[in-house]
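J.: Residue numbers (this note's numbering): 7 to 181. Would you mind keeping the following structure in view while I ask a few things?
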Ligand SMILES: Cc1cc2nc3c(=O)[nH]c(=O)nc-3n(C[C@H](O)[C@H](O)[C@H](O)COP(=O)(O)O)c2cc1C
């Protein structure tokens, strides 16, 4: 069974995107680990003085080792969150091109009616330089996330569950 690394673009404990990530990981069924985006802000002076921070190298190693990566991210002001872009920038400074040819699925949950569509497009654009294999569909865009997730992190909406399941099958096949 292929292994899966989950990356959540939200740092907050009760994140709907983290709930979405765990739900999708459960459907995937393989060994699951989660990346941590609590990294320092990218700073060329810090890099020059101290090299790649240990937390960045850990994330890069996790990406490299995983058979597939699932990124679940909210939309912040019509784009991907800064913590996620910061992580992409840091990882791009590591050796070994961890994203190259890596199967990657992208999902989003957001308060708005578009379910984070603009965050997903901006994220896909930001991933392009690293040449992963991005699963292009079906789109998983959980709109009005606060109304869709139960208190236990469950999702009842059959439309979303079908799209999540199909996406995870495609990610597994790509791995
Ligand atoms: C700084 C900020 C900007 C936001 N901008 C958007 C937005 O552009 N579109 C949207 O649908 N929701 C937006 N939201 C609301 C988020 O979708 C909502 O808070 C969501 O639950 C965050 O994801 P999380 O539950 O995984 O933390 C924004 C929230 C924050 C904190």
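Beta carbons: idealized from backbone N, C-alpha and C, even for Gly. Fair warning: this is a prediction, and the values are worked out from it, not measured in the lab.
In the DSSP assignment, what are the bridge partners of residue 113?
T.: Taking the first residue of the chain shown as position 1, residue 113 is located at position 107. Answer is 78.
J.: Quick check: what's the CA-CA separation for residue 161 versus residue 69?
T.: Counting from 1 along the chain shown, the entry for residue 161 is found at position 155. Counting from 1 along the chain shown, the entry for residue 69 is found at position 63. Rounded to the nearest angstrom, the two C-alpha atoms are 27 Å apart.
J.: Where does residue 88 sit, in a helix, a strand or coil, going by DSSP?
T.: Counting from 1 along the chain shown, the entry for residue 88 is found at position 82. In the structure shown, residue 88 sits in a helix (DSSP, three-state: H, G or I).
J.: May I ask whether a heavy atom of ligand 1 can be found less than 6 Å away from the beta carbon of residue 155?
T.: Against the chain shown, residue 155 aligns to sequence position 149. Checking every heavy atom of ligand 1 against the Cβ of residue 155, none is found closer than 6 Å.
J.: Short of 6 Å in beta carbon distance, which residues of its chain neighbour residue 22, apart from the five on each side in sequence? Order them along the chain.
T.: Taking the first residue of the chain shown as position 1, residue 22 is located at position 16. For residue 22, where only same-chain residues beyond five positions count, the Cβ hits under 6 Å are 115, 151, 155.
J.: Leaving out the 5 sequence neighbours to the left and right, which residues in its chain are closer than 7 Å to residue 91 when beta-carbon positions are compared?
T.: Counted from its first residue, the chain shown places residue 91 at position 85. Taken in chain order, the residues that qualify are 132.
J.: Is residue 66 a contact residue of ligand 1, with contact defined as CB to any heavy atom under 6 Å?
T.: Residue mapping note: residue 66 aligns to position 60 of the chain shown, counting from 1. Not so, every heavy atom of ligand 1 lies at least 6 Å from the Cβ.
J.: My output table needs one value for residue 140: the three-state DSSP class, helix, strand or coil.
T.: For this step, residue 140 is matched to residue 134 along the chain shown. Correct three-state label for residue 140: strand.
J.: Mind the definition here: the segment 43–57 touches the segment 72–86 only if three or more C-beta pairs lie below 8 Å; say whether that holds.
T.: At 8 Å Cβ cutoff, the stretches do not touch.
J.: On the three-pair Cβ rule with 8 Å, is the segment 170–177 touching the segment 99–113?
T.: Flag = yes, the segment 170–177 and the segment 99–113 touch.
J.: Assign residue 13 to one of three DSSP states: helix, strand, or coil.
T.: For the purposes of this step, residue 13 is taken as residue 7 along the chain shown, with counting starting at 1. Strand, per DSSP.
J.: With hydrogens ignored, establish whether the beta-carbon of residue 1 is closer than 6 Å to any heavy atom of ligand 1.
T.: One cannot answer for residue 1 here, as it falls past the ends of the chain, which runs 7 to 181.
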